[in-house]
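What follows is a short report on a single structure.
Residue numbers (the working numbering): 435 to 499.
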């Protein structure tokens with residue numbers, strides 16, 4: 435019933451990810467962010483994050499990671 439819609443959405447997501455991965459600057463940006471987070475935690479600091487409300491599920495997993 436919704437298989438075509440699901441398949442199309444997943445294909446679009448895969449294409450978006452593939453395009454993202456083609457640009458090394460994206461990988462370097464993620465690495466820089468990870469190092470900053472790790473350094474803050476290692477130093478006993480904390481990380482404050484905020485958003486527009488659309489990514490609350492992702493935000494909730496940050497402390498678990």
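We treat Cβ as the ideally placed atom computed from N, Cα and C, and that holds for glycine.
- When secondary structure is reduced to three states using DSSP, residue 480 falls in the coil class, being assigned neither helix nor strand.
- Residue 471 and residue 481 have their C-alpha atoms some 7 Å from each other.
- Each residue's CA atom was taken as its position, placing residue 458 and residue 464 some 10 Å apart.
- In this structure residue 460 touches residue 454 by the C-beta definition: roughly 5 Å separates them, less than 8 Å.
- A straight-line Cα-Cα distance of about 27 Å links residue 469 and residue 447.
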